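Participant: Chains as they are written, first to last, in my numbering: chain A, 1 to 406; chain B, 1 to 406.
2 protein chains.
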Amino acid sequence: MSTLWDQRYARRIQLIQTSAIREILKLTQAPDIISFAGGLPAPEAFPLEAIREACDFVLSEVGPQALQYFPTEGVVPFRELICGLLAQQGMNVAVDNVLITSGSQQALDLLGKVFVNRGDHILVESPSYLGAIQAFNAYGAEYIAVPFDDEGMRADALEEALRASPKFIYIVPTFQNPTGVTMSLERRKQVVELADRFGVPIVEDDPYSKLRYEGEHIPTVLALDSQYRGECEEYCGNVIYLSTFSKTLAPGMRMAWVTAPVEVIRKMVQCKQGADLHSPTFNQFVAYQAAKDGFLDQYIEKIRAIYGERRKVMLAALEKHFPPGVKWTRPEGGMFLWATLPEGMDAGEILEKAVERKVAFVPGGPFHPNGGGENTMRLNFSNAQPEMIREGIARLGQVLKEELGE
Amino acid sequence: MSTLWDQRYARRIQLIQTSAIREILKLTQAPDIISFAGGLPAPEAFPLEAIREACDFVLSEVGPQALQYFPTEGVVPFRELICGLLAQQGMNVAVDNVLITSGSQQALDLLGKVFVNRGDHILVESPSYLGAIQAFNAYGAEYIAVPFDDEGMRADALEEALRASPKFIYIVPTFQNPTGVTMSLERRKQVVELADRFGVPIVEDDPYSKLRYEGEHIPTVLALDSQYRGECEEYCGNVIYLSTFSKTLAPGMRMAWVTAPVEVIRKMVQCKQGADLHSPTFNQFVAYQAAKDGFLDQYIEKIRAIYGERRKVMLAALEKHFPPGVKWTRPEGGMFLWATLPEGMDAGEILEKAVERKVAFVPGGPFHPNGGGENTMRLNFSNAQPEMIREGIARLGQVLKEELGE
Numbered sequence: 001m002s003t004l005w006d007q008r009y010a011r012r013i014q015l016i017q018t019s020a021i022r023e024i025l026k027l028t029q030a031p032d033i034i035s036f037a038g039g040l041p042a043p044e045a046f047p048l049e050a051i052r053e054a055c056d057f058v059l060s061e062v063g064p065q066a067l068q069y070f071p072t073e074g075v076v077p078f079r080e081l082i083c084g085l086l087a088q089q090g091m092n093v094a095v096d097n098v099l100i101t102s103g104s105q106q107a108l109d110l111l112g113k114v115f116v117n118r119g120d121h122i123l124v125e126s127p128s129y130l131g132a133i134q135a136f137n138a139y140g141a142e143y144i145a146v147p148f149d150d151e152g153m154r155a156d157a158l159e160e161a162l163r164a165s166p167k168f169i170y171i172v173p174t175f176q177n178p179t180g181v182t183m184s185l186e187r188r189k190q191v192v193e194l195a196d197r198f199g200v201p202i203v204e205d206d207p208y209s210k211l212r213y214e215g216e217h218i219p220t221v222l223a224l225d226s227q228y229r230g231e232c233e234e235y236c237g238n239v240i241y242l243s244t245f246s247k248t249l250a251p252g253m254r255m256a257w258v259t260a261p262v263e264v265i266r267k268m269v270q271c272k273q274g275a276d277l278h279s280p281t282f283n284q285f286v287a288y289q290a291a292k293d294g295f296l297d298q299y300i301e302k303i304r305a306i307y308g309e310r311r312k313v314m315l316a317a318l319e320k321h322f323p324p325g326v327k328w329t330r331p332e333g334g335m336f337l338w339a340t341l342p343e344g345m346d347a348g349e350i351l352e353k354a355v356e357r358k359v360a361f362v363p364g365g366p367f368h369p370n371g372g373g374e375n376t377m378r379l380n381f382s383n384a385q386p387e388m389i390r391e392g393i394a395r396l397g398q399v400l401k402e403e404l405g406e
Numbered sequence: 001m002s003t004l005w006d007q008r009y010a011r012r013i014q015l016i017q018t019s020a021i022r023e024i025l026k027l028t029q030a031p032d033i034i035s036f037a038g039g040l041p042a043p044e045a046f047p048l049e050a051i052r053e054a055c056d057f058v059l060s061e062v063g064p065q066a067l068q069y070f071p072t073e074g075v076v077p078f079r080e081l082i083c084g085l086l087a088q089q090g091m092n093v094a095v096d097n098v099l100i101t102s103g104s105q106q107a108l109d110l111l112g113k114v115f116v117n118r119g120d121h122i123l124v125e126s127p128s129y130l131g132a133i134q135a136f137n138a139y140g141a142e143y144i145a146v147p148f149d150d151e152g153m154r155a156d157a158l159e160e161a162l163r164a165s166p167k168f169i170y171i172v173p174t175f176q177n178p179t180g181v182t183m184s185l186e187r188r189k190q191v192v193e194l195a196d197r198f199g200v201p202i203v204e205d206d207p208y209s210k211l212r213y214e215g216e217h218i219p220t221v222l223a224l225d226s227q228y229r230g231e232c233e234e235y236c237g238n239v240i241y242l243s244t245f246s247k248t249l250a251p252g253m254r255m256a257w258v259t260a261p262v263e264v265i266r267k268m269v270q271c272k273q274g275a276d277l278h279s280p281t282f283n284q285f286v287a288y289q290a291a292k293d294g295f296l297d298q299y300i301e302k303i304r305a306i307y308g309e310r311r312k313v314m315l316a317a318l319e320k321h322f323p324p325g326v327k328w329t330r331p332e333g334g335m336f337l338w339a340t341l342p343e344g345m346d347a348g349e350i351l352e353k354a355v356e357r358k359v360a361f362v363p364g365g366p367f368h369p370n371g372g373g374e375n376t377m378r379l380n381f382s383n384a385q386p387e388m389i390r391e392g393i394a395r396l397g398q399v400l401k402e403e404l405g406e
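Laid out in structure tokens, this is it:
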């Protein structure tokens with residue numbers, strides 16, 4: 001039957017590669033591997049009891065409504081709660097500007113569906129988030145990749161890239177996946193101004209900004225865009241903002257949201273309705289119940305302490321075990337750091353040897369939509385416990401030293 | 001800003017109409033309306049206690065794993081349970097043939113993504129399920145609509161339509177949404193043989209077959225296709241089969257599945273990964289826990305009694321209150337029946353008058369992808385309680401009588 005099916009797939013299916021993330025998730029399933037590969041939160045910190053209480057409350061007090069079909073936009077008190085969370089970070093968003101999505105991954109897919117014709121260009125950081133590239137690829141997107149330094153996307157290169165009329169700019173400005181780099185305030189302001197000058201929307205993907213372990217909060221691009229435009233009655237400007245409870249509550253609930261001008265939300269709602277009708281009513285009520293009344297702040301405090309410690313442990317272990325010539329970022333938050341091996345080394349080959357020693361990471365190549373970065377690697381520090389981090393980085397350092405002939 | 005956004009939407013967005021289903025769900029939200037419009041289960045029958053127990057068990061016994069990211073294919077024991085349910089209905093499906101989806105709506109969207117290039121034709125029943133049309137529209141599908149009688153899609157018309165080389169056949173053969181009609185055994189066999197002869201895959205959407213209130217179970221098209229082909233080691237043939245827990249447990253959990261040959265599942269997994277990474281881990285474990293050990297069978301028994309009674313009440317009320325000249329189907333199961341008004345009447349106009357009398361239904365026009373059916377209406381009998389059904393049909397009969405000048 002194989003041939004019958006092969007002939008029937010849509011052309012766009014040919015564009016979809018076997019997914020790197022999928023293979024990563026498989027690697028992290030092997031029980032005896034120390035994995036720095038996934039982007040997984042620490043499971044031992046999950047708020048099982050808070051979610052149990054929330055489930056109880058929802059099933060006894062909210063009742064049947066929580067198990068019924070629901071309008072696509074999502075549960076109103078949940079969306080109001082999200083508006084409140086965003087207001088704490090200086091973002092002024094009304095309920096009608098918020099759409100609940102099934103993970104931020106769905107928001108990325110909906111943006112591809114709403115905006116991307118085959119062959120359209122999207123302006124991205126290089127490297128950029130793999131899941132976004134994967135979502136946009138399904139609609140035949142191509143990429144203008146703007147180089148990166150330790151303050152984020154370079155403004156001179158951005159201006160040049162904007163002349164090619166991309167459909168939108170996609171950025172993860174805070175504790176970026178994969179590099180951990182945070183775009184500086186100055187750069188953010190430049191991005192806002194340049195995007196406005198060229199009339200190009202910005203998609204700001206912000207799953208990590210609540211996970212800061214040192215330094216001061218930097219306003220989001222959405223907040224800066226509003227400041228730049230001055231007082232608006234409604235959601236104004238051209239920033240579409242994505243965030244999620246996957247890092248600050250539990251990814252297995254798949255609760256995330258996108259904020260945008262009302263007319264963009266309307267288009268996304270139409271697309272979401274055809275895509276999955278609505279996100280689970282039950283999960284929306286449970287996440288709302290668990291997150292309200294201050295629990296979320298307490299819980300974020302708890303995981304910030306855990307992840308901050310792990311980041312410190314990983315940085316110290318890298319200092320101790322990695323050979324000279326390897327460089328890495330020192331993120332102030334988030335879940336990842338990024339190592340650069342000496343020119344000419346191939347992180348894919350290193351991974352094969354690392355897996356023999358029972359340690360895993362993600363080679364950086366696939367994060368570069370237009371190629372390059374073969375000598376880079378992404379290391380996650382949120383999932384493994386400190387002892388495992390020390391052991392895993394020691395093993396990885398050993399592999400690198402052998403490879404470098406030391 | 002309006003113009004800026006308008007210019008940026010992808011061309012396919014122009015194809016997406018304001019959704020009829022969305023407007024329907026809004027109508028059903030008004031508290032004082034007797035609604036036969038939605039496809040909602042009876043909320044007072046929802047298994048709140050069973051789901052509460054399942055949540056408790058999952059959070060205490062399955063633990064952190066249930067809140068973590070998970071591979072796209074879904075939770076293995078849950079997929080095994082689904083294989084067992086399908087086996088009860090004579091379908092031989094292995095775990096690798098099952099993909100968990102976020103409602104059947106997502107399976108429809110993934111099928112569009114995997115198979116449909118703009119301008120491809122899909123062969124559908126006329127009328128057909130609105131949510132499927134909406135999902136496929138987003139990929140630029142066009143339709144070959146095959147006429148329908150009280151045994152389902154007409155085989156002579158099907159053969160003619162298959163000559164136009166559709167990408168696949170989409171059918172809801174059992175208690176169809178919107179008509180409630182069930183395709184006869186003979187017709188199913190003809191569809192299987194014709195699809196094989198023309199080399200065209202069949203998508204069988206089967207949310208309702210467990211909700212039978214009279215008559216005998218008819219084998220699914222998937223089961224008949226396997227019989228037709230004889231013994232196979234693996235999932236063979238060309239039927240892709242969709243089903244869901246939305247009607248037999250709770251729609252607000254968004255738990256559904258698709259079964260297909262392994263290579264088709266692989267493509268759908270790639271697309272789903274870009275679409276929402278995976279369906280909620282928590283919901284999969286909870287649905288598994290609630291459904292295993294026989295609870296599902298007991299619960300289905302319970303709702304069959306409730307919906308069977310409501311169907312009877314609605315049929316009796318139609319007999320009593322609807323004017324001569326109006327015809328309707330007498331479904332043996334499911335959630336809908338279908339009324340046909342005298343030629344020249346417009347169900348859309350009737351709806352406006354009905355809403356003034358606080359009763360709602362769905363006009364049948366939008367269920368016809370290539371137009372027609374303006375004098376038809378879909379009536380849901382699962383959601384409203386018997387007293388409300390009597391009252392609502394009486395009001396609707398009054399509107400129709402006034403319209404007919406009686």
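Each residue gets a CB set at the ideal place from its N, CA and C atoms; glycine is no exception.
Remember, it's a predicted structure, so these values are computed and weren't measured experimentally.
Measuring CB to CB, does L123 (chain A) end up less than 8 Å from A161 (chain A)?
Facilitator: Yes, Cβ-Cβ distance for L123 (chain A) and A161 (chain A) is below 8 Å.
Participant: Going by the CB atoms, is the gap between T179 (chain A) and W338 (chain A) shorter than 8 Å?
Facilitator: Yes.
Participant: Using 8 Å as the threshold, is the C-beta distance between F115 (chain A) and A10 (chain B) below it?
Facilitator: Cβ atoms of F115 (chain A) and A10 (chain B): closer than 8 Å.
Participant: Consider the C-beta atom of T220 (chain B) and the heavy atoms of the ligand SAM; say whether any pair is separated by less than 7 Å.
Facilitator: The ligand SAM is not part of this structure, which contains no ligands at all.
Participant: From what residue to what residue does the alpha helix (DSSP H) around S226 (chain B) run?
Facilitator: That run of the alpha helix (DSSP H) goes V221 to R229.
Participant: Does chain B have any CB closer than 8 Å to the CB of Y208 (chain A)?
Facilitator: By this cut-off, Y208 (chain A) is not an interface position.
Participant: Just mark A132 (chain A) as buried or exposed, buried being the case when its beta carbon has 16 or more other beta carbons within 10 Å.
Facilitator: A132 (chain A) comes out buried.
Participant: Going by the CB atoms, is the gap between L277 (chain B) and I51 (chain A) shorter than 8 Å?
Facilitator: Result no, Cβ atoms of I51 (chain A) and L277 (chain B) do not sit closer than 8 Å.
Participant: Under 8 Å, with one C-beta from each stretch per pair, do the stretch 127-142 of chain A and the stretch 291-298 of chain A reach the 3-pair mark?
Facilitator: Not touching, per the Cβ criterion.
Participant: Could you give the distance in angstroms between the alpha-carbon of S279 (chain A) and the alpha-carbon of M253 (chain A)?
Facilitator: Using only the alpha carbons, I get a separation of about 10 Å.
Participant: Who are the Cβ neighbours of S209 (chain A) in its own chain at under 6 Å, not counting the five residues just before and after it?
Facilitator: Correct list, in chain order: T174.
Participant: With 8 Å as the threshold, decide whether the Cβ of T248 (chain A) is near any Cβ in chain B.
Facilitator: Not an interface residue.
Participant: Which partner residues of D293 (chain A) appear in the DSSP bridge assignment?
Facilitator: Paired residues: none, contrary to the question.
Participant: Given I393 (chain A), which residues of its chain have a CB within under 7 Å of its CB, disregarding the five upstream and five downstream residues?
Facilitator: Closer than 7 Å at Cβ, skipping near neighbours: M314, A317, L318 and H321.
Participant: Should S102 (chain B) be flagged as near chain C, meaning a C-beta pair shorter than 8 Å?
Facilitator: This model lacks chain C altogether, as its protein chains are A and B.
Participant: Helix, strand or coil: which one does DSSP assign to V359 (chain A)?
Facilitator: Of the three classes helix, strand and coil, the one that applies to V359 (chain A) here is strand, per DSSP.
Participant: List, in chain order, every chain B residue whose beta-carbon is nearer than 7 Å to that of T411 (chain A).
Facilitator: Since the first residue shown for chain A is 1 and the last is 406, residue 411 (chain A) is missing from the structure and cannot be characterised.
Participant: Tell me whether the beta-carbon of V200 (chain B) lies closer than 8 Å to the beta-carbon of I240 (chain B).
Facilitator: No; because the gap between Cβ atoms is not below 8 Å, this pair is not in contact.
Participant: Quick check: what's the CA-CA separation for G71 (chain B) versus D120 (chain A)?
Facilitator: For the record, residue 71 (chain B) in the displayed sequence is Pro; it is not Gly. Cα to Cα, P71 (chain B) sits roughly 30 Å from D120 (chain A).
Participant: For G412 (chain A), decide whether its Cβ has a neighbour in chain B, counting only Cβ atoms nearer than 8 Å.
Facilitator: Because residue 412 (chain A) is not part of the residues shown, which for chain A are 1 to 406, the question remains open.
Participant: Would you mind listing the alpha helix (DSSP H) stretches within the stretch 87-112 of chain B that are 4+ residues and don't spill past its ends, in chain order?
Facilitator: Segments of the alpha helix (DSSP H) lying fully in the stretch 87-112 of chain B: there are none.
Participant: Determine, using beta carbons only, whether S35 (chain B) and A360 (chain B) come nearer to each other than 8 Å.
Facilitator: Yes, these two residues count as a Cβ contact at 8 Å.
Participant: To which residues does DSSP link A317 (chain A) through a beta bridge?
Facilitator: In DSSP, A317 (chain A) forms no bridge with anything.
Participant: Label D293 (chain A) either buried or exposed according to how many other C-beta atoms from any shown protein chain fall within 10 Å of its C-beta, with 16 as the threshold for buried.
Facilitator: With fewer than 16 other Cβ atoms within 10 Å, it is exposed.
Participant: Distance cutoff 8 Å, beta carbons only. Does L40 (chain B) sit that close to anything in chain A?
Facilitator: Yes, L40 (chain B) lies at the interface with chain A (some Cβ there is under 8 Å from its Cβ).
Participant: Look up H121 (chain A) in the DSSP assignment and give the residues it is bridged to.
Facilitator: DSSP lists A:E142 as partners of H121 (chain A).
Participant: Which residues does DSSP pair with R378 (chain A) in a beta bridge?
Facilitator: A:W338 and A:V362.
Participant: I want to see whether chain B comes within less than 8 Å of E352 (chain A), judged by CB atoms only; does it?
Facilitator: Not an interface residue.
Participant: Select from the stretch 326-347 of chain B all residues with a C-beta closer than 7 Å to any C-beta belonging to chain A, and list them in chain order.
Facilitator: The stretch 326-347 of chain B vs chain A, Cβ under 7 Å: nothing.
Participant: Under three-state DSSP, which class holds V200 (chain B)?
Facilitator: Coil.
Participant: Given a limit of 9 Å on CB to CB distance, which residues of the stretch 230-241 of chain A reach chain B?
Facilitator: Those residues of the stretch 230-241 of chain A that come within reach of chain B (Cβ to Cβ, closer than 9 Å) are C236, G237 and N238.
Participant: Quick one: give me the first and last residue of the alpha helix (DSSP H) that M388 (chain B) is part of.
Facilitator: Its alpha helix (DSSP H) spans residues P386 to E403.
Participant: If you measure between the beta carbons of R304 (chain B) and L211 (chain B), is that distance less than 8 Å?
Facilitator: Taking 8 Å as the Cβ cut-off, R304 (chain B) and L211 (chain B) qualify as a contacting pair.
Participant: Cutting at 6 Å between CB atoms, please list the residues of its own chain near V262 (chain A), excluding the five before and the five after it.
Facilitator: For V262 (chain A), where only same-chain residues beyond five positions count, the Cβ hits under 6 Å are D96.
Participant: Given a threshold of 16 other Cβ atoms within 10 Å of its Cβ, counted over all protein chains shown, does G397 (chain B) qualify as buried or as exposed?
Facilitator: Buried is the call here.
Participant: Please state whether DSSP places M253 (chain B) in a helix, a strand or coil.
Facilitator: In this structure, M253 (chain B) counts as helix in the three-state DSSP scheme.
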